[in-house]
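Participant:
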Amino acid sequence: KYYPPDFDPAKIPKLKLPKDRQYVVRLMAPFNMRGTPLSQGAASPVQGGLEQGGIPLGGASRGAGGWHVQHSLPPTHRGCAAVPPQTDPENTDYTMEHGATRNFQAEKLLEEEEKRMQKEREEEELNNPMKVLENRTKDSKLEMEVLENLQELKELNQRQANVDFEAMLKQYKELEEEQRRKEQE
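Residue 165 in UniProt numbering sits at position 165 of the sequence shown, with consecutive numbering throughout.
1) Provide the residue span of the beta strand (DSSP E) that contains Ala-100, from first to last.
2) Pull up the distance between the alpha-carbon of residue 193 and that of Leu-169, whole angstroms please.
3) Could you give the DSSP three-state label for Gln-22: helix, strand or coil?
4) Helix, strand or coil: how does DSSP classify Thr-95 here?
5) Could you give the residue range of the beta strand (DSSP E) that holds Asp-139?
6) Answer yes or no: do Met-33 and Arg-102 have a C-beta to C-beta separation smaller than 7 Å?
7) For Arg-34, which residues does DSSP report across the bridge?
8) Pull up the distance between the alpha-carbon of Met-130 and that of Asp-139, whole angstroms please.
9) Quick check on the DSSP output: the beta strand (DSSP E) that includes Pro-5 runs from which residue to which?
10) Taking the straight line between their C-alpha atoms, what separation do you get for Asp-88 and Asp-164?
11) Determine the direct distance from the alpha carbon of Tyr-172 to that of Glu-166, and round the result to whole angstroms.
12) I think Gln-105 touches Thr-95, with their Cβ atoms under 8 Å apart; what is that distance to the nearest whole Å?
13) In whole angstroms, what is the alpha-carbon distance linking Arg-62 and Glu-90?
14) What separation, rounded to the nearest whole angstrom, lies between the Cα atoms of Gln-118 and Phe-31?
15) Report back the beta-carbon spacing between Val-132 and Glu-123 to the nearest angstrom; my notes put them in contact at under 8 Å.
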């Protein structure tokens, strides 16, 4: 590039931008969602211009461990209201603020249910020593059943592995020939 000899970078006017400006980022929506206002939403993750909001000051938008919670506004079908997901640093996931719901939460709900059941079991075991013993016997019984089923499957596989298919076909052909001879006589 050519810079003239009388060029002074201090004379270039500085761009004044608002502190709470929004950045437009090209991004996929993090999950399938359905919009609640007009039942319009993204059937599959939508790709589009995303306006990423500035992070409010004062720690109001901080998650676990001091990580910032990012707010974003991806577009929906037919120009509906924006549905803003936000990051959930505590669970390393995304949550919906308002305007939409997640379509497929079955796995997440299953995980939460398992955690809840495990927590209930642990609390119950802390209070009741007999429950600890009962749970141990149930677990050992279940483990023994699983081992028995596994052993049965192994035996079945070994039996099937020892089968000689050629000999079976030969025997079948011999039986067919005998039946033909009997029919001809």
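The beta carbon of each residue, even a glycine, is placed where N, CA and C say it ideally should be. In this text the structure is predicted, and so the values were computed from the model without any measurement.
Facilitator: Let me spell this out:
1) The count along the sequence shown starts at 1 and reaches residue 100 at position 100. 100-102 is the extent of the beta strand (DSSP E) around Ala-100.
2) Shown here, the chain extends from 1 to 185; a query on residue 193 therefore has no answer.
3) Residue numbering aside, residue 22 sits at position 22 when the sequence shown is read from its first letter. Looking at Gln-22 - three-state DSSP - the assignment turns out to be coil, as it is neither helix nor strand.
4) To locate residue 95, count along the sequence shown from 1; it is residue 95. Strand, per DSSP.
5) Taking the sequence shown and counting its residues from 1, one reaches residue 139 at position 139. Careful: Asp-139 lies outside any beta strand (DSSP E), inside the alpha helix (DSSP H) at 129-161.
6) The residue given as residue 33 occupies position 33 in the sequence shown. The residue given as residue 102 occupies position 102 in the sequence shown. Taking 7 Å as the Cβ cut-off, Met-33 and Arg-102 qualify as a contacting pair.
7) Locating residue 34 in the sequence shown gives position 34, counting from the first residue. DSSP, once it has assigned bridges, lists Thr-101 as partnering Arg-34.
8) On the sequence shown, residue 130 is found 130 positions in, with the first residue counted as 1. On the sequence shown, residue 139 is found 139 positions in, with the first residue counted as 1. Answer to the nearest angstrom: the Cα atoms are 14 Å apart.
9) Along the sequence shown, read from residue 1 onward, the residue named residue 5 stands at position 5. Here Pro-5 belongs to no beta strand (DSSP E), and DSSP marks it neither H nor E.
10) Taking the first residue of the sequence shown as position 1, residue 88 is located at position 88. Taking the first residue of the sequence shown as position 1, residue 164 is located at position 164. Near 59 Å, if we compare the C-alpha coordinates of Asp-164 and Asp-88.
11) Reading the sequence shown from its first residue, position 166 is the one you call residue 166. Reading the sequence shown from its first residue, position 172 is the one you call residue 172. Rounded to whole angstroms, Glu-166 to Tyr-172 spans 10 Å at the Cα level.
12) Residue numbering aside, residue 105 sits at position 105 when the sequence shown is read from its first letter. Residue numbering aside, residue 95 sits at position 95 when the sequence shown is read from its first letter. That belief does not hold up - the Cβ atoms of Gln-105 and Thr-95 are roughly 11 Å apart, past 8 Å.
13) Counted from its first residue, the sequence shown places residue 62 at position 62. Counted from its first residue, the sequence shown places residue 90 at position 90. Caution applies to Arg-62, whose pLDDT of 48 falls short of 50 and renders its modelled position unreliable; the value that the coordinates give is listed next. Looking at the two C-alpha atoms, the distance is approximately 10 Å.
14) In the sequence shown, the residue the question calls residue 118 occupies position 118. In the sequence shown, the residue the question calls residue 31 occupies position 31. If you take the alpha carbons of Gln-118 and Phe-31, they lie about 27 Å apart.
15) If you number the sequence shown from 1, residue 132 lands on position 132. If you number the sequence shown from 1, residue 123 lands on position 123. Not really, about 12 Å apart at Cβ, beyond 8 Å.
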